[in-house]
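Student: Quick one: structure below, then a few questions.
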Amino acid sequence: MKIRKIEFDTEEEMERAINESNYKFHKFVVDSALKNLESEKKEITIMSILTKDTNTVFDIILEPEYMVETLETNLPLMEDFEDYERCQKIVDAINYLKSKQ
Numbered sequence: 005m006k007i008r009k010i011e012f013d014t015e016e017e018m019e020r021a022i023n024e025s026n027y028k029f030h031k032f033v034v035d036s037a038l039k040n041l042e043s044e045k046k047e048i049t050i051m052s053i054l055t056k057d058t059n060t061v062f063d064i065i066l067e068p069e070y071m072v073e074t075l076e077t078n079l080p081l082m083e084d085f086e087d088y089e090r091c092q093k094i095v096d097a098i099n100y101l102k103s104k105q
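Numbering-wise (this note's numbering), the sequence shown opens with residue 5 and increments by one.
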C-alpha cells in the first residue's frame, strides 16, 4: 500500500485539521486499518505528515494491538458524517478482530 504524504504550513494547522474531525483524515485512517486487518506487520504506516514551519515529519502509525480501539474511536465520526457503508465495515472488522482474540 502506498503511504500517503501530506504537508501543512504549520504544526498548528496540522493539529487543527486532525482535531476538527477532518473527514478525509479519519476516512484514510479507517480505510488503511481495514486494508490491514490480516497484516503481520508490527507497525502499519498510515501516512506521513510534513510541517513546513518546523520541517518536521510525523508518521502516523497503527500498531495491530490498537486496531480495535482505532476503529471504535473512528466509528462515531463516520456516523457523524453519515458514512453508513464505512460504519458497517468498521463494525464487521471490530467483530472479526474480537473473535480472533
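Beta carbons: idealized from backbone N, C-alpha and C, even for Gly.
Output needed for residue 27: all residues of its chain with C-beta closer than 7 Å, excluding positions within five of it in sequence on either side, in chain order.
Tutor: On the sequence shown, position 23 is the one that residue 27 refers to. 85, listed in sequence order.
Student: Please give me, in chain order, every unbroken run of the beta strand (DSSP E) with length at least 3 that falls completely inside the segment 75 to 102.
Tutor: none
Student: Output the boundary residues of the beta strand (DSSP E) element that contains residue 11.
Tutor: Within the sequence shown, residue 11 is the residue found at index 7, counting from 1. Here the beta strand (DSSP E) through residue 11 covers 8 to 12.
Student: Checking the sheet assignment: what are the DSSP bridge partners for residue 63?
Tutor: The residue you call residue 63 lines up with position 59 of the sequence shown. For residue 63, which the question treats as bridged, DSSP gives the partners 52.
Student: Buried or exposed: residue 25, going by 16 or more other Cβ atoms within 10 Å of its Cβ?
Tutor: Position 21 of the sequence shown, counted from the start, is the residue given in the question as residue 25. Exposed.
Student: Considering only residues of the same chain and omitting the five flanking positions on each side of residue 49, which have a CB-CB separation below 7 Å?
Tutor: Residue mapping note: residue 49 aligns to position 45 of the sequence shown, counting from 1. So the list reads 7, 63, 65, once near-sequence residues are dropped.
Student: Quick check on the burial criterion: 16 or more other C-beta atoms within 10 angstroms. Buried or exposed for residue 36?
Tutor: Looking up residue 36 in the sequence shown gives position 32. That one is buried.
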